[in-house]
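Asker: The structure's right below; bear with me while I get my questions together.
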Amino acid sequence: MKPLISGIHHITAIAGNPQANIDFYTGILGLRLVKKTINFDAPGVYHFYFGDELGRPGTVFTTFPFTGARKGAKGAGEVTYTAFSIPSGALEYWIARLKKYGLPISDVLTRFGDKLIRFEDHDSMGIELVANDQDNRTGWSYGQVPIEHSIKGFYGATLNLRSKDLTEKLLTEHMDYRFIGEENGRFRYGTAGKPGDIVDIVLDNSGKRGVQSAGTVHHIAFRTENATTQLQVQGILMENGYQVTEVKDRNYFTSIYFREPGGVLFEVATDEPGFAIDEDEAHLGELIKLPEWAEPNREKLEESLTPVKLNVESYD
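Each residue of the sequence shown is one higher than the one before, counting from 157 in the working numbering.
And the structure:
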């Protein structure tokens, strides 16, 4: 039977300065700004979506940038590192590029046979670039990052938890994940076990919980095909005691939310309909797009949002 959940849909973080956020993810990392809208639950704040050419599920990193937000802190009960997939021969390119822009990076690490580097963005968001030859996605570039080195989408995410058993049960019994293996205290799970569906659990016995603010992940969303499969997932979760929200319309997908046992906010989002429903594919992310219910307040909302622009030409 076809699985109801097929991997990661998107990952959403809290950020600080909106322009710095766009500059980092489009200029330095080379992701495409595929949508510029508002946080539907806090309309005075932007919601940016960065991804591949079309913002396909499994490629989209999204942010809520709050001007002046204090930095959060990594700890238990959150996603501490978001891993992006790059081609197997691209690691040296990215090491040089990140150093060029003054970003401290880790030594080259090896994990489950793949080499990677770890660093943080301007808000201290934890990022990894994992070099591998298992990813057949094309990637995207504005031109400043050679397409042969470009980010292809997510590789996976690291959940920092105090214990793993209940979260493992959720993933493997109710969310179509399977246990892949353990290495140096890192427990790996996947749907097909390929870039874009990897979830790692690392146990944190420090007793220190994460503090959610700028530079921390707000939630991780998992993919389901459509509204029908989403309702099936919702039913399974509710039958097994999880407190799941009603279906929420996010324009570009619909969503349900719940907390996994370790405290991380999980979302299950539909692949449909995608980001081209209100903009031409060639012009994604150029205008501020609002949900229908917010359109009557467009003028007031736009006045409350700090003007931003693409500056990719400044990042060669």
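Glycine residues also receive a C-beta, built at the ideal position from the N, C-alpha and C atoms.
#1: Excluding the 5 residues preceding and the 5 following residue 470 in the sequence, name in chain order all residues of the same chain whose CB lies nearer than 7 Å to its CB.
#2: For residue 336, which three-state DSSP category applies?
#3: Work out the CA separation of residue 425 and residue 190 for me, nearest whole Å.
#4: Return the chain-ordered list of same chain residues with a C-beta closer than 7 Å to the C-beta of residue 396, the five sequence neighbours on each side being excluded.
#5: Could you give the DSSP three-state label for residue 409: helix, strand or coil?
#6: Could you tell me the alpha carbon to alpha carbon distance between residue 463 and residue 334, rounded to whole angstroms?
#7: Helix, strand or coil: which one does DSSP assign to residue 210?
#8: Taking Cβ positions only, does residue 250 come closer than 9 Å to chain E?
#9: Would you say the stretch 212-222 touches the stretch 159-173, given that touching needs at least three Cβ pairs under 8 Å?
#10: By the three-class DSSP mapping on this structure, what secondary structure does residue 249 have?
#11: Since residue 352 contacts residue 310 with CB under 8 Å, what's their CB separation in whole angstroms?
#12: When you compare the CB positions of residue 365 and residue 441, do they come within less than 9 Å of one another, or not?
#13: Just the Cα atoms here: how many angstroms apart are residue 405 and residue 447?
#14: Can you tell me whether DSSP reads residue 306 as helix, strand or coil?
#15: Is the stretch 306-325 close to the stretch 354-364, with three or more CB pairs under 8 Å?
#16: Going by the CB atoms, is the gap between residue 422 and residue 414 shorter than 9 Å?
#17: Can you give the Cα-Cα distance for residue 296 and residue 159, rounded to whole angstroms?
#18: Let me check understanding here. Comparing Cα to Cα, which of 177, 350, 164 lies closest to residue 289?
#19: Could you tell me which residues DSSP puts in a beta bridge with residue 312?
#20: How should residue 439 be labelled, buried or exposed, when 16 other C-beta atoms within 10 angstroms of its C-beta is the threshold for buried?
#21: Is the beta carbon of residue 192 closer than 9 Å to that of residue 181?
#22: Just reading off the alpha helix (DSSP H) that residue 391 is part of, what are its end residues?
#23: To the nearest angstrom, report how far apart residue 247 and residue 455 are at their CA atoms.
#24: Which term fits residue 202, buried or exposed, when burial requires 16 or more other beta carbons within 10 angstroms of its beta carbon?
#25: Rounded to whole angstroms, what is the Cα-Cα separation between residue 276 and residue 465?
#26: Shortest alpha-carbon distance to residue 212 belongs to which of 300, 348, 461, 167?
#27: On the DSSP letters alone, give me the boundaries of the alpha helix (DSSP H) that residue 456 sits inside.
#28: State the DSSP-derived secondary structure class of residue 421, mapped to helix, strand or coil.
#29: When we look at the beta-carbon of residue 313 and count the other beta-carbons within 10 Å, is it buried (16 or more) or exposed?
#30: Quick one: what's got a C-beta closer than 6 Å to residue 417's C-beta in the same chain, skipping five residues either side?
#31: Where do the N-terminal and C-terminal ends of the beta strand (DSSP E) with residue 266 fall, by residue?
Answerer: Per the coordinate set shown:
#1: 183
#2: strand
#3: 17 Å
#4: 330
#5: coil
#6: Approximately 44 Å between the Cα atoms of the pair.
#7: coil
#8: In the displayed structure, chain E is absent; only one protein chain is listed.
#9: yes
#10: Here residue 249 carries a helix assignment [DSSP, helix/strand/coil].
#11: The beta carbons of residue 352 and residue 310 sit about 5 Å from each other, so the pair counts as a contact at 8 Å.
#12: no
#13: Cα atoms of residue 405 and residue 447: separation of roughly 10 Å, rounded to the nearest angstrom.
#14: coil
#15: The stretch 306-325 vs the stretch 354-364: in contact.
#16: yes
#17: 28 Å
#18: 350
#19: Residue pairing from DSSP places residue 312 in a beta bridge opposite 239, 354.
#20: exposed
#21: no
#22: 383-395
#23: Cα-Cα distance, rounded: 45 Å.
#24: buried
#25: 22 Å
#26: Distance from the Cα of residue 212 is smallest, within the candidate group 300, 348, 461, 167, for 167.
#27: 454-460
#28: strand
#29: Under this definition residue 313 is a buried residue.
#30: 322, 323
#31: 265-267
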